[in-house]
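Below is one structure, written out as structure tokens; comments come after it.
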Amino acid sequence: MSGPVLVPILGDQLTRTLASLRGRNKDDTVILMMEVWDEATYVKHHKQKIVLVFSAMRHFAEELREAGWTVDYVRLDDPDNAGSFTGEVARAIERHDPRLVSVVEAGEWRVRQDMDQWADKFACEVEILRDDRFVCSQAEFDDWAKDRKELRMEFFYREMRRKTGLLMDDNEPAGGQWNYDSENRKPPKEGLAAPERPKFEPDGITREVIDLVQSRFGDHFGSLDRFEWPVTRDDAARAADAFFAERIECFGPYQDAMIAGQDDLFHSMLSTSINLGLLDPLELCRRAEQAYRDGKAPLNSVEGFIRQIIGWREYVRGFYFNQMPGLAEANALKATRPLPEFYWTGKTDMACLADCIRSTGDNAHAHHIQRLMVLGNFALLAGMEPQAVEDWFLVVYADAYDWVELPNVAAMILYADGGKLASKPYAASGNYINKMSNYCSGCRYKVSQKTGEGACPFNPLYWHFMARHRERFEKNPRIGRIYATWDRMGETKQREYLESAEAFLDTLGPAAEGWAR
């Protein structure tokens with residue numbers, strides 16, 4: 446065959462140095478980009494997530510065209526749109542008669558399963574290339590994970606530090622420690638406020654996509670009143686510049702802090718751009734390291750930032766593919782409670798949950814401790830059914846893709862994998878939230894009250910969770926000692942905790958059908 450090379454680029458592959466583009470002749474290549482119904486609706490994504498992806502795709506297509514590439518761009522409202530990646534690649538093959546389809550492996554299991562069938566479906570040759578924007582290949586992760594019953598991120602992270610050389614002084618970690626997390630748990634002090642992150646006014650392309658989403662996806666969760674995400678490589682670079690100039694110094698110490706109404710604090714807010722492919726994660730890590738080497742950022746902040754990227758981000762992606770497809774159905778704690786309606790509406794008297802859900806609806810964002818220790822902790826303690834919680838997290842966040850969301854929710858938050866990822870469940874009473882936030886001062890529930898009417902629901906729910914899972918956790922070296930405290934309470938106090946928890950759980954109305962799918 447003498448036709449061109451067809452290069453499909455997916456919505457999270459918006460990278461000029463993508464493996465399928467490197468070394469290609471612009472005169473002999475057709476880039477295919479596709480807005481498809483299946484991807485916008487396999488769950489009912491937050492409106493801002495759909496705008497973010499489609500707008501970034503359209504901007505990237507224009508950037509490619511300006512650089513001299515031929516781009517075949519299929520819009521969602523194209524009347525002939527097949528609605529799926531496979532269907533659109535088939536139509537593009539009919540249009541262009543390529544000799545080769547060259548594509549970078551998909552980041553999500555279900556898309557990769559479809560992509561693996563292309564060689565059998567299409568008459569031309571198909572090559573699927575490794576996504577080398579990740580430091581660790583899947584083969585490398587699987588080899589590391591082989592014969593390990595527990596897949597702890599900390600040990601994987603050290604391997605990635607050695608591989609990249611980041612924060613290494615010869616063969617030793619900078620400062621003599623691998624991990625400075627103990628320095629990164631400061632509660633918010635009075636008056637703590639961060640510089641405002643850059644906000645990006647929608648241009649004509651983005652406004653056109655906003656109109657499309659309002660028209661086609663009006664029943665999806667979330668608000669479009671304030672769409673401010675970067676959708677181009679240049680804007681993403683500006684966002685990164687602002688983080689390194691203004692917020693990285695305090696990012697480490699206050700990364701676990703929560704303040705009502707302050708949705709960003711010192712977080713980088715770069716995950717959307719990294720996951721789209723607009724920013725190079727390894728380049729960001731090297732920039733953070735240089736800030737430390739130049740004395741412009743403290744080691745604990747820089748190490749924490751780098752750990753989130755070459756540690757956690759790389760690790761959950763490897764864990765996801767290593768554990769699929771079983772991870773999607775995992776439910777080791779046999780949790781069955783429906784997701785409450787207030788996760789969608791935010792209508793709850795619990796101030797912490799109300800604020801985190803408000804931010805989620807307004808911004809398609811909440812930072813990692815809000816996700817783990819408020820929204821996730823409540824779902825864990827209440828025994829919510831994992832697949833419903835997983836769907837919710839995938840729907841509501843602009844940076845959520847299945848490969849990163851599913852391990853975080855199923856394994857980290859809900860302990861549904863039975864402990865392969867986490868050494869203990871991240872269960873906590875109201876004391877943790879009170880320590881790390883100012884939510885409790887504005888809540889109708891009293892965090893100091895343990896049981897009964899008006900008690901912080903997290904307090905009895907914590908003991909209810911621990912009591913019903915005693916057989917599993919009392920021998921756990923990290924949390925097993927808590928049962929000595931439980932036993933010292935005596936039957937009367939124990940009964941008060943359990944009855945208070947059950948009375949509260951009885952008030953949780955299940956979400957209406959159709960929010961997520």
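Just so you know, we're using this note's numbering here: the sequence shown kicks off at 446 and counts up by one.
Glycine is no exception: its CB is placed at the ideal position from the N, C-alpha and C atoms.
Everything numeric in this text was worked out from a predicted model, so none of it was measured.
Legend entry - Residues sharing a beta bridge with GLU572, DSSP: Beta-bridge pairing by DSSP links GLU572 to SER547.
Legend entry - Span separating the alpha-carbon of ALA900 from that of ALA811: Using only the alpha carbons, I get a separation of about 25 angstroms.
Legend entry - Limits of the unbroken alpha helix (DSSP H) element including VAL488: Note, VAL488: premise wrong, no alpha helix (DSSP H); not H, not E.
Inset, instruction - Pick helix, strand or coil for SER868, following the three-state DSSP scheme. - result: Note: SER868 maps to coil in three-state DSSP.
Legend entry - CB contact flag (ASP844, ASN767, <8 angstroms): Remark: C-beta atoms of ASP844 and ASN767 do not approach each other more closely than 8 angstroms.
Legend entry - CB contact flag (ALA702, LYS631, <8 angstroms): For ALA702 and LYS631, yes; Cβs fall inside 8 angstroms.
Inset, instruction - On a CA-only basis, which of GLU958, SER886, ALA799 and TYR760 is nearest GLU604? Give me that one, please. - result: Minimum Cα distance to GLU604 is reached at TYR760.
Legend entry - Touching by the beta-carbon criterion (3+ pairs, under 8 angstroms), the stretch 627 to 647 and the stretch 679 to 698: Judged by pairs of C-beta atoms under 8 angstroms, the stretch 627 to 647 touches the stretch 679 to 698, as three or more such pairs exist.
Inset, instruction - List in chain order: all unbroken alpha helix (DSSP H) runs of 4+ residues lying wholly within the stretch 565 to 647. - result: When DSSP assignments are scanned along the stretch 565 to 647, the uninterrupted stretches of alpha helix (DSSP H) that are 4 or more residues long and fall wholly within it turn out to be 583 to 590 and 598 to 609.
Inset, instruction - For LYS494, I'd like the list of residues in its chain whose CB is within less than 6 angstroms of its CB, leaving aside the five on either flank, ordered along the chain. - result: Result list for LYS494: ALA809 and ALA843, in chain order.
Legend entry - Buried or exposed by the 16-neighbour rule on C-beta atoms within 10 Å, applied to ARG550: The question names Arg, yet the displayed sequence has Glu at residue 550. Result: buried.
Inset, instruction - Please report the residue range of the alpha helix (DSSP H) in which ASP847 lies. - result: It spans 847 to 851 - the alpha helix (DSSP H) in which ASP847 sits, taken as one unbroken run.
Legend entry - Under 8 angstroms between C-beta atoms of VAL496 and ILE655: In this structure, ILE655 lies closer than 8 angstroms to VAL496 by Cβ.
Inset, instruction - Please list, in chain order, all residues of the same chain as LEU715 whose beta carbon is under 8 angstroms from its beta carbon, the five residues on each side excluded. - result: Closer than 8 angstroms at Cβ, skipping near neighbours: ALA681, ALA684, ALA685, PHE688, LEU724 and LEU729.
Legend entry - For LEU798, the first and last residue of its enclosing alpha helix (DSSP H): Start and end: 796 to 808.
Inset, instruction - Look up LEU521 in the DSSP assignment and say whether it is helix, strand or coil. - result: LEU521 falls in the coil class under three-state DSSP.
Inset, instruction - Might you give, ordered along the chain, the residues of its own chain that have their beta carbon closer than 8 angstroms to the beta carbon of ALA742, omitting 5 neighbours on each side? - result: Sequence-distant partners of ALA742 (beyond 5 residues in either direction) whose C-beta falls short of 8 angstroms from its own C-beta, in its chain, are PHE689, ILE693, GLU694, ALA733 and ALA736.
Inset, instruction - In angstroms with no decimal places, state the Cα-to-Cα distance between GLU635 and VAL819. - result: Just so you know, the alpha carbons of GLU635 and VAL819 end up roughly 21 angstroms apart.
Inset, instruction - Give a yes or no on whether the C-beta atoms belonging to ASN921 and LYS869 are separated by under 8 angstroms. - result: Cβ distance < 8 angstroms, so ASN921 and LYS869 count as in contact.
Legend entry - Cut-off 7 angstroms between Cβ atoms - residues of its own chain near LEU851, not counting five sequence neighbours on either side: Result list for LEU851: TYR765, LEU772, ALA773 and GLU835, in chain order.
Inset, instruction - Output yes or no for whether 8 angstroms exceeds the beta carbon distance between TYR871 and LEU817. - result: Their beta carbons are under 8 angstroms apart, which means TYR871 touches LEU817 by this criterion.
Legend entry - Residue environment, PHE750, which counts as buried when at least 16 other CB atoms sit within 10 Å: By the 10 Å Cβ count, PHE750 comes out buried.
Legend entry - Backbone CA spacing between ILE924 and TYR877 [nearest angstrom]: Cα to Cα, the separation comes out at about 15 angstroms.
Legend entry - DSSP three-state assignment for PRO743, whether helix, strand or coil: PRO743: coil per DSSP, three-state reduction.
Inset, instruction - Would you decide whether PRO955 is buried or exposed? Buried here means 16 or more other CB atoms lie within 10 Å of its CB. - result: Residue environment: PRO955 is assigned as exposed (fewer than 16 neighbouring CB atoms within 10 Å of its CB, all protein chains considered).
Legend entry - Of the residues MET857, ALA485, LEU545 and GLY828, the one placed nearest ALA963, counting alpha carbons only: Residue 963 is absent from the structure shown; the chain starts at 446 and stops at 962.
Inset, instruction - With MET934 as the anchor, note down where its alpha helix (DSSP H) starts and where it stops. - result: Its alpha helix (DSSP H) spans residues 927 to 934.
Legend entry - Bridge-paired residues (DSSP) for PRO955: According to DSSP, PRO955 bridges with PRO785.
Inset, instruction - May I ask you to list the residues that DSSP assigns as paired with LYS779? - result: LYS779 is not bridged to any residue.
Legend entry - Option in HIS491, PHE505, GLY935 and ALA485 with minimal Cα separation from PHE530: The candidate whose alpha carbon is nearest that of PHE530 is ALA485.
Inset, instruction - Starting from the Cα of SER500, find the closest Cα among HIS665, LEU459 and MET934 and give me that residue. - result: The option with the nearest alpha carbon to SER500 is LEU459.
Legend entry - Sufficient close CB pairs (3 or more, under 8 angstroms) joining the stretch 890 to 899 to the stretch 857 to 867: The answer is no - the stretch 857 to 867 does not touch the stretch 890 to 899, with fewer than three Cβ pairs under 8 angstroms.
Legend entry - Alpha-carbon spacing of ARG962 relative to ALA796, whole angstroms: Going by the C-alpha atoms only, they are around 28 angstroms apart.
Legend entry - Rounded C-alpha distance that separates ASN776 from ASP626: Here the alpha carbons of ASP626 and ASN776 stand approximately 29 angstroms from one another.
Legend entry - Whole-angstrom C-beta distance between PRO633 and ASN883, which should lie under 8 angstroms: In this structure, ASN883 and PRO633 form a Cβ contact; the two beta carbons are roughly 6 angstroms apart against a cut-off of 8 angstroms.
Inset, instruction - Please confirm whether ALA464 and ARG575 have their CB atoms less than 8 angstroms apart. - result: Going by C-beta atoms, ALA464 is nearer than 8 angstroms to ARG575.
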